[in-house]
Each structure stands twice: as structure tokens, then as C-alpha cells.
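Be aware that the sequence shown starts at 1, since it is given in UniProt numbering, and climbs by one per residue.
Note that CB positions come from ideal geometry on N, CA and C, so glycine has one too.
Note that the structure is predicted; figures quoted are calculated from it, not measured.
So the structure is just underneath, and the comments pick up after that.
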Amino acid sequence: MKRRLWVAALLTIPLLLLAVHDLSSARGALRWPVLVQVVLASPVCTWAAWPFYARPAPSWRGRRLDVFTLTGLGAAVAYGYSLVAAFVPQIFPSALRHQDGQVAVHFAAASVFITLGLLGRVLELLARHRPGAAVRRMLDTAAQSARRLTQDGSEEEVPLEVVRVGDRLRVRPGDKVPVDGIVLAGRSYVDESMVTGDPIAAEKRAGDFVIGSTRNGGSALLVRAERVGADMLLARIVAMVAEGRRTRAPIQRLADVAAAYLVPVMAGLAGLTFLVWGVWGPEPRMAYALINAASVLIVACPCALGLATPMSIMVAAGRAATAGVLFKNTEAMEMMRRVDTLVVDKTGTLTEGRPKLAAIVATAEMDEAAILRLAASLERGSEHPGAAAIVEEAASRRLDLAAADQLTAMPGEGVTGVVDGHRVAVGNLTLMRRLGVALGSNVEHAHTLRAEGHTVMLVAVDGAIVGLVDISDPIKASTPEAMAALRAEGLRVVMITGDDRTTADVLARKLGIDEVMAGVEPDQKAGAIARLQAQGRRVAMAGDGIDDAPALACAHVGVAMGTGADLARDSADITLVKGDLRGVVRARRLSRAAIGNVKQNLILALIYNAAAVPIAAGILYPAFGRSLDPGVVLAVMSLSSVSVTVNALRLRRLKL
């Protein structure tokens, strides 16, 4: 379209100069300036204008009239009339001829029609192109190679295409992370602003997830590749943006219906205009009739109406992407503003989703570091989530762990073994009672911590309790602010979790959540969403796990955490790249702004048509003795498309 526009513009400029200087005023046969106009206008009115001719024909046959129909019709009338007038003027009646016997040609006007029409189309395509600009910039700066560790421990630099899941990759300071992966060793800060929009670099250490193409900071990291190629986050972003462009919001149907009625109505008005000017107009009546009928067809072209919805939606999708909110389809963008209930999963959505050691309580003459060292030495071989938290804390404190012998794991209770010659046990009250360990006041302390929603593990050495390890799934730092913002939005927040009622209620009290669904099994979550919908609520569901996928698909709007499971993201309508519930507030604000912008554009387009069509038909002629030239009419029409575009682009500056 840009090539067609450039060619049309370059050929239209000399045509306008010929029209301004009226070089075709001499008497005689076919004059050379007219021939020049034919040569210049033909590429514009044929090749450049082809999209306007190709689409209207099937729209008439299928009775699916659209915004191209009137544009193609108006351009064809102007160009066809001018060709006949230039080459065989003698076939026209005398009423249509000037005093010199010649018939006026309108190649310049026809070319202006096409050029300005192409300009409007290019503006539309540029606006659709913009939402993916941020994504393309990310892809343009993506890593192209990786430093892969071989079996013998040496490094080799390989193209990104050959990296496979499970490969170990070295990411040096200043390098880009090649693929999505898990940190195996090292501790550093990674700049994720290109993806999450957060200007503060994120701390990464063993067990943390890193995003491909983000930049590593001050220390080297050893990363295991988890997602490569099309499975990487950036690749999925591209796919989601592309899918969002292909979908149509329900509000677009309003514009389609309006255009379908507008086309035949305006065609009828053009016919009526031709009839009125041809019967009652001044001489030459037929010339005035044809020009004014063509003006009506051109000014009535609902280009601005066709641009109103897609421009706003696409610009809004681009603005959302820069804020870390990815809309999978435009239906979700429209529905989000109408949501009144937000159901949130607990683990991984409200909380970090990974247990961490909150505190160590020493109950004997042994310091915290010693207790932690013994517990971590024993738990190093355990697969329990609490064990990982203990080992991770020991690693962060750089404790030198010892080897553990005679390990015995007791599912649901804990683990025992020998560390540095001491019999050590780490587990719950049931394990301690089984081992005959005297509990004393530790029971009350453990119950107090459990009542606060924590997991308590007792540490016994040689048959005596030496300390308690407090493990919890910490609330995300952004969650309290997100909850306050959601309440301010008027949303009813419901927490759904498989945890017991006590643990769930503790977290709900901390966050100010009034409604809790506890003890809900994974296969029951979708049913819980359906029950809320049956009460007349418009429900959005936010989750991150595979077990949340059915509920995400069942909700009116599914919201997935970008840090969660692939299946959850595939089932959701919106993905929050950073996994931050404040993105739900951003999505609602953007939804309201986008739909409001669409309505503004529709009103602008309809007001323009209502005001411009009578002028194009010649209603001002009796008062001023002048009618609009088709070129001027099309210029005004293109300005209406530009106004719609400019209004839509205001969404790029929307504060979220």
C-alpha cells in the first residue's frame, strides 16, 4: 500500500499542476496536455487503485457491502467518465460541452481521490502495525547465540537455533540470556525491563526463572534451558499479538452494520442527486449532475467508520503490551470493563508460589546458623518443598553443609539421619512423637505459627528439640497494593484455593479479601466459576497453574500469570507478563478507555457523513453559486479518517 501511495502521489502532483494552469483550454482535436493527463492518471487509477476496485465487486454480489464499496465506485466513475470525455467527446450531448466543443476531464480529481484514499488506508495499516512495534523491537535485539557447556565442562558458542531444552548455558556479565531457563548456579541482577516494564533489575539466583533476551548484570549465571524457539516468552508474545489482530471485538459489529446500511443509502442519495441536477440544475446540467453525484459517493465513503473500531483496539493492544498486559483477543478487551468479580488463585497468584524460610526459632543453646546447617545437611536429599526452602536459605548464608548418613524419609512427616555424628530429625509434630522426642512448650509455639498460615518444621538433635523452622509461601510484594486497587475499582475479589480453611482465612484477613473458597480440588475450580456466573456475575479468573486452566477457560475473562504454566497461559484471554495482579487494574482501565475511544470515533465518523453529504450534493449552490469539486470532497473525507486515527493514537499516552 505504501508503494501504491508513493507512485500515486508522484504522478498526481503534475496532474494538479496541469489542472491549476488549465493547460487544456485550446480548441481543436485531442490536445497533448490531455494525453499527458491520461498517461499520468492511468497508473494511478488502475494499478494504484486496484484494491478499491477488487473488493467492491464481490461485496455487491454477496450483498456484504463494506467501506471499500463506495470508494471503488466513486473512483471508477470519475476515471471512466474522463477517459470517454478525452477520447470521444463527440458522443456527449451539447449540454455537456463547453463553448469550444470540448468536454471537461477530471483526471486530476480522480487521481486525488485515489491518492487520498490510499493515504487513509496506509494510515490504518500503520496504526495496526504499531501495536507490535514494541514486540518487534524486542525481537530485533534478541540474543542470536548461546554459550553452551559440553560434557567435559568446556564452553562452545552455538547459534540459538541449535539450543535444546536441558542444555546448560553460561551467561556472562553483560550478555543477554539466550533462552527462557532456570538458574542452576550463580547470583546476579537481570534487567527485564524490555519484557516486564520494571526499570529495577531483578535479583536472580539458583532456582529462579530467567527470560530469554533479557540482559544479565554483574555476575555470571549457569542456566538450564527450559523453553526454546516458539515456546519462549517473546515468541508467544508475537503469536498472541498476531492472534489479537485477527480477532474482532463485538463492538466492531456495530460499525459493520452501520456501513452495510450506509452504502446503499448513500448510493441512493447519489442517484437522487444526479436526477435533481440533471433535471433542474444549471447548464451544463449533465456535467453538474455527474460531478455532484460523484461527490456524494466519495464523501459518503465510510472509511472513517471502518477505521473507528480497529484503530482504537489495535492502538490499545499496543499500549497494553508496553504495560505488561497481553490481550489474546479483542473480545477480552471489551469484556474486561464489564467484569464485576475477580476470582484469584492463592498459590503463585497472591503468593510467590515457592516456599521460603521465614524464621528460625532456637529453643536450646544452639544458634540459628548451627540449626540451619544441620537441617539443610539432612534435607539436601529431600524433594519436599520445605526442604528446598531450607537448603536455599543455607546456600544464601554460605553455610558449609555436611554429609548426611542413614537417611530415612517418612512421607507426610519428615526425614531423619546422622549429621556430624549426631542423630538429627526434621519434621512435624507427628514425626517427633513417633521418635519419642519431648515436645514441651514447642507444641503451642508450633500451633501459633500454623494458625498464621505457616508450615512449621521442628528440628531435633539427639532426641531433643533444638529449634523450629518457620516456612511460608510469602505474599507477593505487589499483592497488597493490587488488592487495594482492585477494591477501588469496585471489583469483588474471591480467593479460591485447595488449602485448608484456616490457612486460607489467615491470608484473606491479611489482604482484606472477604470471600474465600477453600479446600477446592483442581477439578472443582471450573464448577465454582460456573456457580458464580449462574448468580449473574461477570467473572474474571486469575491463576497460574495447570490446575487453573479449566477455570481460566470457563470464566468470562481468563487472566494468566506470565510466570505460570504454559497451559494456563494458553487457556487464558489475558496474560500478565510480570505475574502482577496490578495488571488486572491496568487491563480494566485500558478496556474502558479503548471502548470509550471507539464510541468517540464512531460518533465522529457519523457526524462527518451527516454534515458532508448535503454539501457534496450541492445544497449550498443556490446560496453561493458553487458546488464542491470531487477532489476537495475526497480531501475532506481523508481528513475525517485522519481525525479518527489521531483520536485513536491518544490511547498511546493513556496512564495505566
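### Query
From residue 667 to Asp-175, what does the alpha carbon distance come to, in whole angstroms?
In the structure displayed, the chain extends from 1 to 656; residue 667 sits before or after that span and is not available.
### Message
Mapping the DSSP letters down to three states, classify Asp-271 as helix, strand or coil.
### Response
According to the sequence as given, residue 271 is Gly; it is not Asp. Helix, per DSSP.
### Query
How about Val-163 and Val-179: are their beta carbons less than 7 Å apart?
Pairing Val-163 with Val-179 gives a Cβ-Cβ distance under 7 Å.
### Query
Would you report the Cα separation of Met-483 and Gly-268, rounded to the nearest angstrom?
Met-483 and Gly-268 have their alpha carbons spaced roughly 56 Å apart.
### Query
Do you know how far the Cα of Val-644 is from the Cα of Leu-311?
The amino acid occupying residue 311 in the given sequence is Met; Leu does not appear at that position. One C-alpha to the other measures close to 8 Å.
#### Entry: 4 or more residues per run - each alpha helix (DSSP H) lying fully within the stretch 130 to 190
133 to 140
### Short Cβ contact (7 Å threshold) for Glu-521 with Val-494
no
#### Entry: Those residues which DSSP pairs with Lys-204 across a bridge
Lys-204 pairs with Ser-188.
### Sequence ranges, beta strand (DSSP E) only - wholly within the stretch 463 to 520, length at least 3
464 to 472, 492 to 496, 515 to 517
#### Entry: Selection from Arg-589, Ala-376, Thr-416 that minimises the alpha carbon distance to Leu-399
The option with the nearest alpha carbon to Leu-399 is Ala-376.
### Query
Do you know how far the Cα of Asn-292 is from the Cα of Ala-41?
21 Å
### Query
From Asn-216 to Arg-172, what distance separates their C-alpha atoms?
7 Å
### Query
Roughly how many angstroms separate the alpha carbons of Val-105 and Arg-588, rounded to a whole number?
In this structure, the alpha-carbon of Val-105 lies about 54 Å from that of Arg-588.
#### Entry: Secondary structure of Glu-226, DSSP reduced to three states
Under the three-state reduction of DSSP, Glu-226 is assigned to strand.
### Message
Please state whether the Cβ-Cβ distance between Arg-168 and Arg-224 is less than 7 Å.
### Response
yes
### Query
Who pairs with His-422 in a beta bridge, going by DSSP?
Val-419
### Query
How is Leu-620 classed by DSSP in three states: helix, strand or coil?
coil
### Task
Measure from the C-beta of Ser-377 to each C-beta in chain D and report whether the shortest distance is under 7 Å.
In the structure shown, chain D does not exist; there is a single protein chain.
#### Entry: Same chain only: Cβ atoms within 6 Å of Ala-610, ignoring 5 sequence neighbours per side
none
### Task
Could you have a look at residue 658 and say whether DSSP puts it in helix, strand or coil?
With the chain running from 1 to 656 in the structure shown, residue 658 is simply not present.
### Message
Taking the alpha helix (DSSP H) that Lys-346 belongs to, which residues open and close that run?
### Response
Lys-346 -> no alpha helix (DSSP H), and no H or E assigned at all.
### Nearest-angstrom Cα separation, counted from Pro-614 out to Ser-295
10 Å
### Member of Gly-166, Leu-17, Ile-371, Thr-502 whose CA lies at the smallest distance from the CA of Phe-107
Leu-17
### Task
Would you tell me roughly how many angstroms separate the C-alpha atoms of Phe-274 and Leu-290, rounded to the nearest one?
6 Å
### Task
Could you check if Gly-28 is buried or exposed, using at least 16 other CB atoms within 10 Å of its CB as the buried criterion?
In this prediction, Gly-28 has a pLDDT of 42, which is less than 50 and means its spatial position is unreliable; what the coordinates show is noted afterwards. Burial call: exposed.
### Task
Would you kindly report the start and end of the unbroken alpha helix (DSSP H) that includes Ala-540?
Where Ala-540 is concerned, there is no enclosing alpha helix (DSSP H), although the beta strand (DSSP E) it sits in stretches over 539 to 543.
### Query
Using DSSP with H/G/I as helix, E/B as strand and the rest coil, what is Arg-337?
coil
### Message
To the nearest angstrom, how far is the alpha carbon of Ala-594 from that of Gln-535?
### Response
28 Å
### Query
What residues match up with Asp-405 in a beta bridge as DSSP calls it?
Val-418
### Task
Determine, using beta carbons only, whether Gly-417 and Leu-431 come nearer to each other than 7 Å.
Their beta carbons are not under 7 Å apart, which means Gly-417 does not touch Leu-431 by this criterion.
### Buried or exposed by the 16-neighbour rule on C-beta atoms within 10 Å, applied to Asp-573
buried
#### Entry: Identified DSSP bridge partners for Lys-356
Looking at the DSSP assignment, Lys-356 forms a beta bridge with Ser-472.
### Query
Below 7 Å between beta carbons: does that hold for Thr-349 and Asp-208?
no
### 6 Å CB neighbourhood of Leu-184 in its chain, flanking five on each side removed
Cβ within range, chain order: Leu-222, Arg-224.
### Reference Lys-599; option with closest CA among Glu-334, Ile-475, Ala-549
A check of alpha carbon separations from Lys-599 across Glu-334, Ile-475, Ala-549 identifies Glu-334 as the nearest.
### Task
Output yes or no for whether 7 Å exceeds the beta carbon distance between Thr-150 and Leu-326.
no
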